[in-house]
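Undergrad: Residue numbers for the sequence shown follow the working numbering, beginning at 3 and rising by one.
Think of the CB as a built atom: it goes at the ideal place given N, C-alpha and C, for glycine as much as any other residue.
Predicted, not measured: the structure shown is a model, and the values here were computed from it.
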Amino acid sequence: MKATTKTVNIHEAKTHFSKLLAAVAKGQRITICKDGTPVAQLGPLDVPIPVRRPGLLKGCVTIQEDFDAPLPPDTLAAFERGA
3 MKATTKTVNI
13 HEAKTHFSKL
23 LAAVAKGQRI
33 TICKDGTPVA
43 QLGPLDVPIP
53 VRRPGLLKGC
63 VTIQEDFDAP
73 LPPDTLAAFE
83 RGA
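1. Answer with buried or exposed for residue 73, where buried requires no fewer than 16 other C-beta atoms within 10 angstroms of its C-beta.
2. State the CB to CB distance for the pair residue 28 and residue 12, rounded to an integer number of angstroms; the pair is presumed to be in contact (CB under 8 Å).
3. Can the beta-carbon of residue 26 be found closer than 8 Å to that of residue 57?
4. Ordered along the chain, which non-local residues of its own chain (more than five positions away) have a Cβ less than 6 Å from that of residue 42?
5. By how many angstroms is the C-alpha of residue 30 removed from the C-alpha of residue 6?
6. What does residue 31 pair with, by DSSP beta-bridge criteria?
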């Protein structure tokens, strides 16, 4: 995705900074100018997307055989009365 560029002067950048950051978060680049000369640029960070590694915790997590067994009556009663 190619970022679009918008040019603003310093006064506009100070006045509408939050709106400019929202545009940057959507991928837009903002060039800030002083007297028509570009002096700075706001742009989205190039944050790498982490690689998902399925099975990373394989063997580290165990699930008991009775994990879905009904709760004991006293524990169930405590949940139902909000204790």
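TA: The short version:
1. exposed
2. Not quite, the Cβ-Cβ distance comes to about 22 Å (not below 8 Å), so this is no contact.
3. no
4. 34
5. 5 Å
6. 7
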